[in-house]
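Encoded as structure tokens, the structure appears first; notes follow it.
There are 2 protein chains.
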Amino acid sequence: MTDSALAPPAAGSVHRVFNFSAGPAAIPEPVLQRVQGELLDWRGSGMSVMEMSHRGTDFMAIQAKAEADFRALLGIPAHYKVLFLQGGGIGENAIVPLNLLGARRRADYVNTGHWSTRSIAEARRYCDVHVAASAEATGFDRVPAQSEWQLSPDGAYVHVCTNETIGGVEYPWTPHAVDRPIVADASSHILSRPLDVEAYGVVYAGAQKNIGPAGLTLVVVHEDLLGRARAECPSPFNYTVQAANNSMINTPPTFAIYVAGLVFEWLQAQGGVAAIERANIDKAALLYGEIDRTGFWRNPVRAEDRSRMNVPFFAPTPDLDTLFLEGAKARGLAQLKGHRVVGGMRASIYNAMPRAGVEALVGWMREFETTHG
Amino acid sequence: MTDSALAPPAAGSVHRVFNFSAGPAAIPEPVLQRVQGELLDWRGSGMSVMEMSHRGTDFMAIQAKAEADFRALLGIPAHYKVLFLQGGGIGENAIVPLNLLGARRRADYVNTGHWSTRSIAEARRYCDVHVAASAEATGFDRVPAQSEWQLSPDGAYVHVCTNETIGGVEYPWTPHAVDRPIVADASSHILSRPLDVEAYGVVYAGAQKNIGPAGLTLVVVHEDLLGRARAECPSPFNYTVQAANNSMINTPPTFAIYVAGLVFEWLQAQGGVAAIERANIDKAALLYGEIDRTGFWRNPVRAEDRSRMNVPFFAPTPDLDTLFLEGAKARGLAQLKGHRVVGGMRASIYNAMPRAGVEALVGWMREFETTHG
């Protein structure tokens, strides 16, 4: 390839689909436009953000503003640290026990589906896992009530996955305090609704759903939980070390942090988390309303625990699923295929999905049902 | 901020500096232009690469091509795995012992400066570290000859840092085989010169110098070294698990992989690694020639071990360093400040630095010396 083959496409050729990917997921278009405009020259600096030293004043300001905006959006109190890490939610499945177990040998987990199960499997490398509650018996169709939790006597923490990206199950309630810290994997619904941070000891989220590009993990940790990391915890994943070093004990994923910061600015421009929650409730009601309208489509989750972010649904047969997906793609409704472990369809309708995208999806569902129902 | 505040700057306002950052570092401008052009719509897909599912056909093809091009550039044999991980070089300082120690309790390290020292400190969490050779006594001004290595009887591997980014020391030779695998931290000079992969059991590199954006780590590992990871190694950092899962046991840093792939294409267009090495030799000769011309400037490294990539240098006094840096900035010579632990100046002249940038730097050095020499 020559240099000229690296030239950008001609202006005006841009087209955009409605992107229902579960993650990496759609980014708000104004954010992408801003990234595009600044790509070779960030605000007169003469360089791309991805070319900046992480310790230079420009990037330090970008990261500081991203953190401040994230704190403001979720109302994160000063006694919680915000860390910009790597490794995603699956990395945190190991990093959480490495940081929180201390001398204890047990932790409690609530099992609400695929991601909880993954978290449990990874935690078992480090401790005894006590499953405090599980919805497995009913096919993970619900969130077990907190009154069902049976905590071990000596667990270091309780881990919950507050939105199951594959199963489409979301906690509609915030846990009340128990005798140990509650850790939330909020990867796939963070910033989609208000968060009562003080209910949790740790909240973590891979960025690639509602925050920004893959490769960035946000961790919110109560400062009382620092200082407990095991010796075998790698330094870049040690909350205490990273909190003391402004998340720069290693080079942070600078470009992803920059994009996340722009997403936070966009979210503020939408009116913040309370406003985006109203939009998300509206979008979810539209889609679930169509799913439930006649009984042609099926979503297995109990009504009150249905996720506003990830909506799995199925046509009456797998062949019809395939046909629906082909037609969706042809209509610019992208990445609707269900996760490989469950099949069917999954519409992820994160903050960046406009109502028009859900309307287009519902339109195609209605048309499809008319033909095949 | 409103949506309109997120609009890109007007066309024609782009300006670019010569960027001497040690990392995150300059990206070839044709790559940035391509990223910019494709940012909202990758080749008619209707979405940005950062919005694509990592398991979709488009992204899978992007990653496969990046791997194939990287393999071709360095001539990586089929019995080596290439992994796309996270956590950077500092992450690898823990990940290497977690993967390679197996049942052994000791590893050997060669100490050539700041980054070797960091690697040693991190490895001490996991094993006894035997320092097989060190240049500390001479102020890290050289690479100890391999004949000086005194290996422990039972070390699981030998770790070397083949280019010290801060000290500006680079191995001019390839180690010959010893009775255990040699592990190379090649973060800051990978792809700047040919690499004899078969001399090493593992080669790793943080991307943010010669590969692409921060947040991506490339690991090249001999397949015979798989299967040794300790139980406490987190799954996303377990070479065996990642090798078996196409580096997708967690969501990989997709956008960084895409940019890295474009850098690989750009490098091929330059004629590959042999051609870029000639350009790097030429650039380094120009800069060291100026440093040595009169004795005004100082670089402490022994001539044959001087890094072609990272060139620390000092004016006669710290005040003159400061004055030089101010003038450099005004002339569009950016991020030349030396690392905070050593001061002075550091010019990182990676693959993406054009000869014109080094010429401009040398021009300013000459002018400065005329005034202050």
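So the sequence lines, in the order shown, correspond to chains A and B. Anchor point for the first sequence: position 367 equals 366 in numbering that gives the first Met the number 0, and the numbering is continuous, going up by one each time. Anchor point for the second sequence: position 46 equals 45 in numbering that gives the first Met the number 0, and the numbering is continuous, going up by one each time. We put the CB at the ideal spot given by N, CA and C, even for glycine.
As assigned by DSSP and simplified to three states, the class of residue i
i	result
K208 (chain B)	coil
V240 (chain A)	helix
L332 (chain B)	strand
R105 (chain B)	strand
M295 (chain A)	Met is not the amino acid found at residue 295 (chain A); the sequence shown has Phe there. Coil at F295 (chain A), not helix or strand.
D57 (chain A)	helix
R354 (chain B)	helix
F17 (chain B)	strand
R305 (chain B)	strand
P29 (chain A)	helix
W148 (chain B)	coil
T116 (chain B)	helix
T373 (chain A)	This structure cannot settle anything about residue 373 (chain A), because the visible part of chain A is limited to 0 through 372.
Q377 (chain A)	Because chain A in this structure spans residues 0 to 372, residue 377 (chain A) falls outside the shown range and cannot be described.
S3 (chain A)	For S3 (chain A), the pLDDT reaches just 43, beneath the cut-off of 50, and the residue's location in the model is therefore unreliable, although a value from the coordinates is still provided. Looking at S3 (chain A) - three-state DSSP - the assignment turns out to be helix.
N249 (chain B)	coil
V34 (chain B)	helix
Q267 (chain A)	helix
F367 (chain A)	helix
R277 (chain B)	helix
M51 (chain A)	coil
E121 (chain A)	helix
A283 (chain B)	helix
Cross-strand partners of residue i (DSSP beta bridge)
i	result
N162 (chain B)	B:E169
P311 (chain B)	B:R345
T216 (chain B)	B:L84, B:G205
S443 (chain B)	Residue 443 (chain B) lies beyond the residue range present for chain B, which begins at 0 and ends at 372; the question has no answer from this structure.
Y156 (chain A)	None; Y156 (chain A) has no bridge partner.
V182 (chain B)	B:H158, B:V201
Y79 (chain A)	A:H221
D127 (chain A)	A:R105
N98 (chain A)	Paired residues: none, contrary to the question.
Contact set for residue i: own chain, Cβ-Cβ below 8 Å, skip 5 residues either direction
i	result
I75 (chain B)	F69, V81, V196, V219
M352 (chain B)	F17, N18, F19, A25, K282
L433 (chain B)	No answer is possible for residue 433 (chain B): it lies beyond the span of chain B, which begins at 0 and ends at 372.
L324 (chain A)	L335, K336, M344
G138 (chain B)	P299
Beta-carbon proximity list for residue i, same chain, < 7 Å, skipping 5 on both sides
i	result
M0 (chain B)	Confidence at M0 (chain B) is low in this model, with a pLDDT of 38, below 50, so its placement is unreliable and the value that follows should be read with caution. Hits under 7 Å: none found.
G326 (chain B)	W363, F367
P29 (chain B)	W265
L150 (chain A)	D107, A131, V157, V177
S118 (chain A)	N92, Y108, H158, C160, D184
A6 (chain B)	Residue placement at A6 (chain B) is poorly supported in this model, since its pLDDT is 46, which falls under 50; the coordinates are not used for a value here.
Q334 (chain B)	N18, F19, S20
T253 (chain A)	V48, M49, M51, H53, F58
Among the options, the one whose alpha carbon lies nearest that of residue i
i	options	result
A131 (chain B)	B:G138, B:D153, B:D140, B:Y125	B:D153
G38 (chain B)	A:C160, A:R33, A:W41, A:R339	Note that residue 38 (chain B) is Leu in the sequence shown, not Gly. Among A:C160, A:R33, A:W41, A:R339, the Cα nearest to that of L38 (chain B) is on A:R33.
P180 (chain B)	B:Q241, B:E163, B:K208, B:Y199	B:Y199
D140 (chain A)	A:M344, A:K328, A:S306	A:S306
M344 (chain B)	B:K328, B:L332, B:D320	B:D320
A230 (chain A)	B:L261, B:A106, B:L332, B:A93	B:A93
V13 (chain A)	B:H14, B:M46, B:L99	B:M46
R42 (chain B)	B:R54, B:F58, B:I89, B:A314	B:F58
T216 (chain A)	A:Q85, A:P171, A:I61, A:S52	A:Q85
A106 (chain A)	A:A314, A:D127, A:S115	A:D127
S186 (chain B)	B:E91, B:W296, B:K328	B:E91
R365 (chain A)	A:A355, A:R292, A:P317, A:E303	A:R292
Q269 (chain A)	A:L190, A:K336, A:R301	A:L190
H129 (chain A)	A:A136, A:W148, A:G112	A:W148
R104 (chain A)	A:R297, A:A155, A:F254	A:A155
L31 (chain B)	B:V310, B:V258, B:T369	B:V258
Y287 (chain B)	B:R339, B:S347, B:L322	B:S347
K62 (chain A)	A:G260, A:T369, A:R301	The identity of residue 62 (chain A) in the sequence shown is Gln, whereas the question assumes Lys. Of the listed residues, the one whose Cα sits closest to Q62 (chain A) is A:G260.
R354 (chain A)	A:H338, A:L73, A:E276, A:E163	A:E276
A278 (chain B)	B:T173, B:Y349, B:G167, B:P23	B:Y349
Neighbourhood of residue i by C-beta, 6 Å cutoff - its chain only, sequence neighbours within 5 removed
i	result
H78 (chain A)	E222
N237 (chain B)	A228
F83 (chain B)	S246, P251, I256
R297 (chain A)	F313
G87 (chain B)	G205, T216
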